[in-house]
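If you count by my numbering, then the sequence shown holds residues 506 to 680, one letter each, in order.
Structure first, then comments.
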Amino acid sequence: GQNGDLTEAITELAKLYRDQRRILGDDHPDTLTTRGNIANWRGENGDLTGAITEHQHLLDDRRRILGDDHPDTLNTRNNLAGLRAKNGDLTGAIAELEILLDDQDRILGDDHPDTLNTRNNLASVRGKNGDLTGAIAEYQHLLDDRRRILGDNHPDTLTTRGNLANWRGQNGDLT
């Protein structure tokens with residue numbers, strides 16, 4: 506992983522996954538997490554279709570084992586939407602992220618870090634899908650909330666400032 510050898514990372518995680526299944530069982534949270542990590546690395550290694558399929562199966566299992574409202578289930582939905590966006594299904598990713606955001610607001614609250622992260626992802630995908638005005642508006646709202654919750658100097662606040670500036674620039678607002 507760290508040195509860029511994705512194939513080796515996937516191989517090692519596959520070995521870990523086999524051991525976890527044998528020792529902990531298929532439904533153990535650690536086993537499920539390893540499945541998600543394997544899927545993420547597959548996506549990073551260029552197999553987006555395989556990663557999407559694995560995340561969809563993982564999501565089905567997490568819903569069955571943990572329930573729809575569990576944070577791990579919500580995070581898997583976020584990962585799946587991100588992979589779909591990377592694979593070019595921007596409209597589908599936006600729809601998934603909007604539904605996820607409604608669920609996170611209800612379950613975790615508006616100020617939860619995962620909810621804020623989903624808002625960031627939604628703004629980004631909206632911009633990539635050509636809705637620059639929507640992306641800018643969401644980033645501005647997110648920046649206001651991150652300043653209120655985290656303060657001006659938090660890394661997430663600074664990243665949001667940078668994202669907002671980038672989308673404004675792409676929209677021709679160079680002031």
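Every residue, glycine too, gets a C-beta built ideally from N, C-alpha and C.
Source: prediction; values computed, not measured.
Original post:
What is the residue span of the alpha helix (DSSP H) that residue 671 lies within?
Top reply: 660 to 675
Subject >> Pairwise C-alpha distance: residue 650 and residue 666 >> reply: 12 Å
Original post:
residue 634 by DSSP, collapsed to three states: which one?
Top reply: coil
Subject >> Supposed contact pair residue 577 and residue 537 - C-beta distance, whole angstroms, cut 8 Å >> reply: 7 Å
Subject >> Close beta carbons around residue 574, own chain, < 6 Å, minus the five adjacent residues each side >> reply: 612
Original post:
In terms of residue numbering, what span does the alpha helix (DSSP H) encompassing residue 529 cover?
Top reply: Looking at the DSSP string, residue 529 is not in any alpha helix (DSSP H), and its letter there is neither H nor E.
Original post:
Between which two residues does the alpha helix (DSSP H) containing residue 560 stretch?
Top reply: 553 to 571
**OP:** Flag this pair as yes or no: are the beta carbons of residue 648 and residue 669 separated by less than 8 Å?
**Re:** yes
Original post:
Between the Cα of residue 625 and the Cα atoms of 614, 608, 645, which residue gives the shortest distance?
Top reply: 645
Original post:
Contact between the region 526 to 543 and the region 562 to 569: three or more CB pairs below 8 Å?
Top reply: yes
**OP:** Could you check if residue 675 is buried or exposed, using at least 16 other CB atoms within 10 Å of its CB as the buried criterion?
**Re:** exposed
Original post:
If we count the other Cβ atoms within 10 Å of its Cβ and call it buried at 16 or more, is residue 560 buried or exposed?
Top reply: buried
Original post:
Taking just the CA atoms, how far does residue 524 sit from residue 640?
Top reply: 43 Å
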